[in-house]
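Visitor:
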Amino acid sequence: MNMTCLNSTHSDVALPPRDIMDAWAARALSLYCPEAQLFHPAADAPSSWAELKAWADTHTLGVDSLPIFDGGCDNSIYTPSGNLTARAWHDATHLREKLGFTLADETAVGQFQCETLKWARAPYAVVRAVEADVVGQIRYYTKHKRYVDDQVQFVWACLASSVDEVIESGVIY
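Counting from 1460, one number per residue, gives the positions in the sequence shown under the numbering used here.
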């Protein structure tokens, strides 16, 4: 898959409102993996590929409720409930595509998510925001060995310049 806008600079692209991001995450989940719409918030949700795969080996999406990590939902590009939906979509993509949690696999998951949005005809700003949120954050983590605390500001910065510029700036988000 081709990530054509990840490093492009479009300062005229604004972060869509959270309710719009929520709606596109729900639509993408229903189109890409409708069986993953059955999920629940869980503090002890799988946090590694081995744990997620172990869950999938003993459960069935759509029959069993997929546990989704419920921490860090307050400062994302989604509402707290929308963030859970986006995470369910993300985890379902890992499972359907059999992709782990490495930089390459997380990037591929982000690409699948963006391609789903493009296929569903999501606005360009929504696709860019998901690119920054998914691919940008894993690249940020790889470079700085820490998670993004302020996801909204991180995505805003990526939309205003580029993921590469934001990561290389050294600014802690």
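Ideal Cβ positions, reconstructed from N, Cα and C, are used throughout, including at glycine.
Using the Cα positions of Ile1626 and Arg1598, report the straight-line distance between them to the nearest angstrom.
Guide: The sequence position of residue 1626 within the sequence shown is 167, counting from 1. The sequence position of residue 1598 within the sequence shown is 139, counting from 1. The alpha-carbon atoms of Ile1626 and Arg1598 are separated by roughly 8 Å.
Visitor: Here's the rule I'm using: 16 or more other beta-carbon atoms within 10 Å means buried, otherwise exposed. How should Pro1475 be labelled?
Guide: In the sequence shown, the residue the question calls residue 1475 occupies position 16. Buried, because 16 or more other Cβ atoms sit within 10 Å of the Cβ of Pro1475.
Visitor: Quick one: which unbroken beta strand (DSSP E) runs of 3-plus residues sit fully inside the stretch 1475 to 1506? Chain order, please.
Guide: Here the runs fully enclosed are 1498 to 1501.
Visitor: Please report the residue range of the alpha helix (DSSP H) in which Phe1650 lies.
Guide: This structure cannot speak to residue 1650, because the chain is shown only from 1460 to 1632.
Visitor: Exposed or buried, what is Ala1547 when buried is set at 16 or more other beta-carbons lying within 10 Å of its beta-carbon?
Guide: Indexing the sequence shown from 1 puts residue 1547 at position 88. The residue in question, Ala1547, is buried, as its Cβ has 16 or more Cβ neighbours within 10 Å.
Visitor: With distances taken Cα to Cα, identify the nearest neighbour of Ser1540 among Ile1527, Thr1552 and Asp1550.
Guide: As a position in the sequence shown, residue 1540 is number 81, starting the count at 1. Of the listed residues, the one whose Cα sits closest to Ser1540 is Ile1527.
Visitor: Which of the three DSSP states is assigned to Pro1526 in this structure?
Guide: The residue given as residue 1526 occupies position 67 in the sequence shown. Residue state, collapsed to three classes: strand.
Visitor: Taking its Cβ as the centre, do 16 or more other Cβ atoms sit within 10 Å of Ile1631, making it buried, or is it exposed?
Guide: Position 172 of the sequence shown, counting from 1, holds the residue named residue 1631. Classification for Ile1631: exposed.
Visitor: Pro1505: buried (16+ other C-beta within 10 angstroms of its C-beta) or exposed?
Guide: Taking the sequence shown and counting its residues from 1, the one referred to as residue 1505 is at position 46. Looking at its Cβ environment, which holds 16 or more other Cβ atoms inside 10 Å, Pro1505 is buried.
Visitor: I want to know whether the stretch 1584 to 1599 touches the stretch 1504 to 1521 - three or more CB-CB distances under 8 Å.
Guide: As far as the Cβ criterion goes, the stretch 1584 to 1599 does not touch the stretch 1504 to 1521, which means the pair count is below three.
Visitor: Pick out whichever of Leu1554, Arg1587 and Gln1612 has its Cα sitting closest to the Cα of Trp1508.
Guide: Counting from 1 along the sequence shown, the entry for residue 1508 is found at position 49. When only C-alpha atoms are compared, the closest one is Leu1554.
Visitor: List the whole-angstrom C-beta distance separating Thr1544 from Asp1481, where the pair is believed to meet the contact cut-off of C-beta under 8 Å.
Guide: Counted from its first residue, the sequence shown places residue 1544 at position 85. Counted from its first residue, the sequence shown places residue 1481 at position 22. That pair is a contact at about 7 Å.
Visitor: How far does the alpha helix (DSSP H) with Pro1587 in it extend, from its first residue to its last?
Guide: Your numbering for residue 1587 matches position 128 in the sequence shown. It should be pointed out that residue 1587 corresponds to Arg in this sequence rather than to Pro. Arg1587 -> alpha helix (DSSP H) spans Tyr1583 to Glu1590.
Visitor: Just to confirm my understanding: we take Ala1616, look at its own chain, exclude 5 residues before and 5 after, and list those with CB closer than 6 Å. What are they?
Guide: Working through the sequence shown from its first residue, we reach residue 1616 at position 157. So the qualifying residues of the chain are Val1625.
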